[in-house]
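Undergrad:
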Amino acid sequence: MNIHPIVAGNWKMHKTRNEGVSFVSKIKNRVLDKVEARVIFCPPFTALFSIVEAIEGSSLSVGAQNVYFEAQGAFTGEISVEMLKPEGVEYVIIGHSERRRIFGESDSLINKKIHAVLGGGLIPIFCIGEKLEDRKANRTTDVLKIQIESGLEGLGAVDPTKIIVAYEPVWAIGASEAASVEQISEAHASVKSILAGMFRDDGNDVPLLYGGSVNEKNAAELIQTKGVDGFLAGGASLNEDSFCSIIEQVSNFYKR
Ligand code: PGA
C-alpha cells in the first residue's frame, strides 16, 4: 500500500486564536489543492475550533495536542475525545516528549489515551523517541520497543492506517540540527519491524513521520529517507514560508 504523505505542524503553546486563524487562512490560500500531502495543524485548544472553521472546504485538517482518556467527569482542566470529535477535530498528538518529560505522562497513561482516541474515531499521532543518554548507551531500539509496545498495547486488531507514529528523538527537538539521514533510516527500520511484530504485515501500513528540527532547508533531503512518510514539525510550522516550503517539498517528492 502507498502511504499518503503527511505534514503535521505542532504549534505547542504558540499563537492566539486570531493569530492562528490568520496564519491558517494564509496557508489555505497558498497551498490550495496543489498539495499531495495531508496537512494537519495542531494548534492550542483556544484556537482549535476557530481553525476548524477557517479550513472548511479545504483539504487541510486539524489535530489537538493532547486529550484525556475519560469521556467526562471530575477532571479539572482536561478535555475529552467526545468534546473534540463533534467540533471537527480529526487527530490528536499523544505521547509527545514534552508531555512525557514536563507533565510526567507514563507509557500506561499514553496507552489509555490512544485507546480513547481510537475508540472515539479520531487518529492518534503517537510520538516516540529516545533521549540523548539512551542513544549514547546504544539503547535506542530498546527504548522505542518499550514505548511502542506499551503505548499500543491491546491495539493489535486496530486498522493500522488509523494510527500515525512520529519518531522524534528527544535530543533533536528544538535543536540546531535534525537527526541525520542514517540515524533516521535506522530508527525507522526498527520502528517498522516492531510494528510488524504487533500488526503482522500491516505494520507497514502505519504512516511513520519524523520530527525534530525539520525545516525548509532539510525537508527535501529528509523526505527521501527510507521509511519516512512525512514530518511532524514544531518551530518551522509557526512560520508561513517555512511551513509552506516543507509542504511543497514533501508534495514534490511524492509527485515524482
Ligand atoms: P521542532 O519540534 O520541529 O521544533 O524540533 C518538533 C516537535 O516537538 O514535535
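256 is the number that our numbering gives the last residue of the sequence shown; the numbers go up by one with no jumps.
Think of the CB as a built atom: it goes at the ideal place given N, C-alpha and C, for glycine as much as any other residue.
#1: Considering residue 91, what are the terminal residues of the beta strand (DSSP E) in which it resides?
#2: Between the region 80-94 and the region 59-66, are three or more C-beta pairs nearer than 8 angstroms?
#3: Tell me, please, whether the region 68-86 touches the region 98-108 by the rule of three or more beta-carbon pairs shorter than 8 angstroms.
#4: Measure the alpha-carbon distance for residue 181 versus residue 163 and round it to whole angstroms.
#5: What does a CB cutoff of less than 7 angstroms around residue 51 pick up in its chain, not counting 5 residues either side in sequence?
#6: Pick helix, strand or coil for residue 80, following the three-state DSSP scheme.
#7: Pull the bridge partners of residue 38 from the DSSP assignment, please.
#8: When DSSP labels each residue in this structure, what does residue 233 get in the three-state scheme?
#9: Nearest-angstrom Cα distance between residue 1 and residue 154?
#10: Looking at residue 168 and the ligand PGA, is the gap between the Cβ and the nearest heavy atom below 7 angstroms?
#11: Under the three-state reduction of DSSP, which class applies to residue 118: helix, strand or coil?
#12: Going by beta-carbon coordinates alone, are residue 213 and residue 173 separated by less than 8 angstroms?
TA: If we stick to the structure as given:
#1: From DSSP, the beta strand (DSSP E) with residue 91 extends over 91-94.
#2: A contact between stretches requires three or more CB pairs, one per stretch, nearer than 8 angstroms, and the region 80-94 meets this requirement with the region 59-66.
#3: Too few Cβ pairs lie closer than 8 angstroms, so no.
#4: Going by the C-alpha atoms only, they are around 24 angstroms apart.
#5: For residue 51, where only same-chain residues beyond five positions count, the Cβ hits under 7 angstroms are 20, 21, 24, 41, 43, 62.
#6: Note: residue 80 maps to strand in three-state DSSP.
#7: In DSSP, residue 38 forms a bridge with 6.
#8: If DSSP states are grouped into helix, strand and coil, residue 233 belongs with the strands.
#9: Note on residue 1: pLDDT 47, under 50, position unreliable in the model; the coordinate value appears next. A direct Cα-Cα distance of roughly 24 angstroms separates residue 1 from residue 154.
#10: Yes, the ligand PGA has a heavy atom inside 7 angstroms of this Cβ.
#11: Residue 118 carries a helical assignment under DSSP once its states are collapsed to helix, strand and coil.
#12: Against a cut-off of 8 angstroms, the Cβ pair of residue 173 and residue 213 comes out as a contact.
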